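Report on the structure given below.
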DNA sequence: GAGCACTGC
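Numbering (the UniProt record's numbering), first residue to last: 1 to 732.
Below, the structure written as structure tokens:
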């Protein structure tokens with residue numbers, strides 16, 4: 001994947017007709033004739049750039065400066081640095097510039113610094129925002145750039161991510177997550193402190209990045225025609241960004257990476273795990289030493305592959321003189337300790353083989369990888385608006401994704417990539433993956449736009465319009481939650497919901513709890529729900545033991561379900577284990593015993609602290625004395641009150657128990673099963689259930705399930721009540 | 001009888 005392969009890629013877009021737009025852009029006159037400018041790279045290892053250098057807090061100005069001088073030598077070798085003047089000329093003379101920089105071009109660290117220098121040189125006001133899709137990236141980049149700039153983190157250069165803000169009044173260059181920039185947009189609608197906004201990793205097309213692009217365009221057409229924007233992207237999706245911003249110029253900077261040779265199957269395979277194992281064995285026999293990274297769609301395939309490999313590896317290396325294969329699984333739900341094993345270099349005549357989900361495609365980098373084995377598959381969550389249901393599908397990846405996966409073998413030296421599909425099938429793959437927003441629930445984005453004051457959501461400056469159906473379902477949902485009135489205007493409740501760092505349904509639960517006086521309990525539960533992978537997946541051998549332990553600890557949870565169980569677990573973690581001197585190791589042991597993520601619970605406490613601060617600000621009428629923190633007991637009145645609060649947000653996510661002990665959803669009458677991870681999986685005596693998630697895999701599963709009484713469905717008062725009532729009566 | 005990946009003043 002050198003730049004040469006990309007020479008003609010522009011033509012794939014050539015037949016696309018530019019969409020006609022209703023508005024004339026105020027910046028149109030500045031735009032130059034569109035052309036793609038290429039810069040060539042020099043040969044050099046880019047890892048010098050990313051290796052971490054430590055600055056203590058005690059670092060003096062002089063030592064910071066001399067460190068920055070040393071780093072300047074490294075910076076000067078970067079491809080972007082060598083074309084600094086040309087790049088800056090474009091950025092200076094165009095309102096929007098699209099910059100395509102391959103891995104190792106140094107775009108994320110250097111371009112923001114060039115612009116910062118320019119602001120200083122020209123004595124201009126305002127600061128620079130650089131958005132990232134992930135927290136770690138924002139933190140690492142800011143740390144590195146502060147060193148290069150010769151300043152302490154938080155002085156001229158800082159970062160802002162949830163729970164962690166190092167920026168000060170002096171900060172001129174700010175790395176932040178795109179969720180954070182959206183928050184800032186909600187508070188300060190024209191981003192007046194920034195003169196330049198840089199959107200990095202735009203090709204990943206996360207929902208939040210797409211939303212920011214839309215907001216920036218509408219800002220430029222409205223109150224901020226002076227705003228400068230740089231869209232930075234790794235792959236060639238440049239035309240779409242350029243077109244969106246009225247044919248902004250596209251700059252191309254070559255990166256520094258090594259060649260990766262591609263191999264394809266001659267005939268397709270139908271057993272992907274078997275094919276992956278065979279491929280690894282072949283590499284192990286025929287290729288030089290170097291680690292293998294295998295991409296598989298999900299946990300099931302990964303666990304299976306690891307189990308098979310463990311059995312074969314020892315036998316094979318005893319039979320013939322090949323390296324001993326050491327297999328590792330890697331996926332997000334894996335306990336962090338086990339994830340960490342993947343990064344340790346392996347010594348001796350051995351070969352590390354990592355079986356991974358998409359997590360290793362962008363979020364996690366493993367060094368030492370020389371070979372890629374790519375199943376060509378991934379799992380995606382697709383939201384079905386009509387059913388209010390998420391489906392988890394295994395689908396073929398895109399060409400861009402296949403290239404990204406292959407590229408993982410070329411970070412340190414030349415590599416090889418084995419694609420377990422035919423080349424003809426590769427060519428049939430879509431160029432890019434479908435953007436996330438096209439397959440997501442847009443209730444939350446729609447609420448953001450309403451809060452921002454947009455009336456006509458369908459015709460907003462969407463970078464990618466999710467479609468009328470999705471938007472209408474979002475509006476309907478918000479109306480039923482009481483966030484919008486019957487004219488579609490945002491209500492006071494909606495304003496509050498938009499300000500809370502929660503999905504609208506949970507925000508609505510929180511507001512209800514503040515009204516009926518069980519706020520602190522509900523905050524604890526919602527905090528647990530907000531943390532992914534809090535309860536980890538035990539291995540099949542431990543599974544029954546751990547389920548048993550969890551059940552025996554949570555008496556109320558056993559009867560009322562997962563939400564109450566989460567509160568019981570939180571109470572033990574927070575109150576009972578928090579008291580002793582040795583709280584940390586006690587908590588650690590306890591988490592291990594129950595297969596709970598300790599890091600997860602630490603995050604729960606941070607979310608809880610943040611929510612408590614927000615609630616104090618938002619619901620000032622609430623008397624704090626009545627809201628003192630309390631542990632949950634087994635008082636059924638109190639538990640009913642809490643569950644009814646949840647019912648106001650999740651009235652649509654309810655199902656009724658049938659005589660044959662199955663459940664059918666209230667809204668559509670579809671059969672639904674309690675997920676086996678639920679406390680209520682074995683409990684067959686609930687009159688009804690409420691769940692926070694409805695996911696279709698092999699069948700429809702309810703997750704985070706609670707027991708409800710059918711009479712509650714009629715008590716809950718929201719705009720949605722009428723609908724629910726009608727459904728209940730007609731289903732009887 | 002089962003769990004793609006991120007993220008929020």
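Beta carbons are placed, not taken as given, at the ideal position from N, Cα and C, and that holds for glycine. Note that the structure is a prediction, hence the values are computed from the model and not measured.
- Residues 410, 413, 414, 415 of the same chain have their beta carbon placed closer than 7 Å to that of residue 258, with the five preceding and five following residues left out of the count.
- Counting every other CB atom within 10 Å of its CB across the protein chains shown gives residue 315 a total below 16, marking it as exposed.
- Assignment of residue 697 by DSSP, reduced to helix, strand and coil, places it in the coil class.
- Here residue 663 carries a strand assignment [DSSP, helix/strand/coil].
- Residue 432 and residue 239 have their C-alpha atoms roughly 13 Å apart.
- Secondary structure note for residue 342: it is in no beta strand (DSSP E), with a DSSP letter that is neither H nor E.
- Ranking 408, 95, 647 by CA distance to the CA of residue 246 puts 95 first.
- Listed in chain order, the beta strand (DSSP E) runs fully inside the stretch 58-89 amount to none, counting runs of at least 3 residues.
- With a 10 Å radius around the Cβ and a threshold of 16 neighbouring Cβ atoms, residue 404 comes out buried.
- Three or more Cβ pairs closer than 8 Å define a contact, and the stretch 605-620 falls short of that threshold against the stretch 483-493.
- Your pair residue 471 and residue 457 checks out as a contact, with CB atoms roughly 5 Å apart and the cut at 8 Å.
- Taking each of 426, 494, 476 in turn and checking the Cα distance to residue 452, the smallest one comes out for 494.
- Within its own chain, the residues whose Cβ lies closer than 8 Å to the Cβ of residue 306, once the five positions on either side in sequence are excluded, are 327, 328, 329, 355, listed in chain order.
- The C-beta separation of residue 535 from residue 596 comes to about 6 Å, placing the pair in contact by the 8 Å criterion.
- Annotation for residue 460: no beta strand (DSSP E) segment contains it, and DSSP assigns it neither H nor E.
- Distance from residue 568 to residue 632 at the Cβ level is roughly 6 Å; contact confirmed, criterion being Cβ atoms closer than 8 Å.
- The Cβ neighbour count for residue 219, taken over all protein chains shown within 10 Å, is at least 16; the residue is labelled buried.
- One alpha carbon belongs to residue 345, the other to residue 420, and they sit about 26 Å apart.
- In this chain, the beta strand (DSSP E) harbouring residue 396 covers 389-396.
- Under the three-state reduction of DSSP output, residue 278 falls in the helix class.
- Using a Cβ distance threshold of 9 Å, residue 694 and residue 388 count as a contacting pair.
- For residue 232, the enclosing beta strand (DSSP E) stretches over residues 228-233.
- Residue 199 has 131, 231 as its beta-bridge partners, per DSSP.
- If you compare the alpha carbons of 199, 638, 375 with that of residue 264, the shortest gap goes to 375.
- With a contact defined as Cβ atoms closer than 8 Å, residue 193 and residue 126 qualify at about 7 Å.
- Residue state for residue 331 is assigned as coil, using DSSP reduced to three classes.
- For residue 574, DSSP records no beta bridge to any residue.
- Residue 347 is not a Cβ neighbour of residue 292, given a cutoff of 9 Å.
- Burial is judged here by how many other beta carbons sit within 10 angstroms of a residue's own beta carbon; residue 665 has at least 16 and is buried.
- When beta bridges are read from the DSSP output, residue 325 appears opposite 351.
- Measuring C-alpha to C-alpha distances from residue 132 to each of 230, 62, 74 identifies 230 as the nearest.
- Put simply, the backbone Cα of residue 90 is about 16 Å away from that of residue 241.
- Following the DSSP letters along the chain, one finds residue 370 inside the beta strand (DSSP E) bounded by residues 369-374.
- Membership of residue 524 in the alpha helix (DSSP H) is indicated by the continuous run 519-530.
- Only exposed fits residue 337, as fewer than 16 other CB atoms lie within 10 angstroms of its CB.
- Its chain contains 435, 436 as the residues whose beta carbon lies nearer than 7 Å to that of residue 205, once the 5 sequence neighbours on both sides are disregarded; these appear in chain order.
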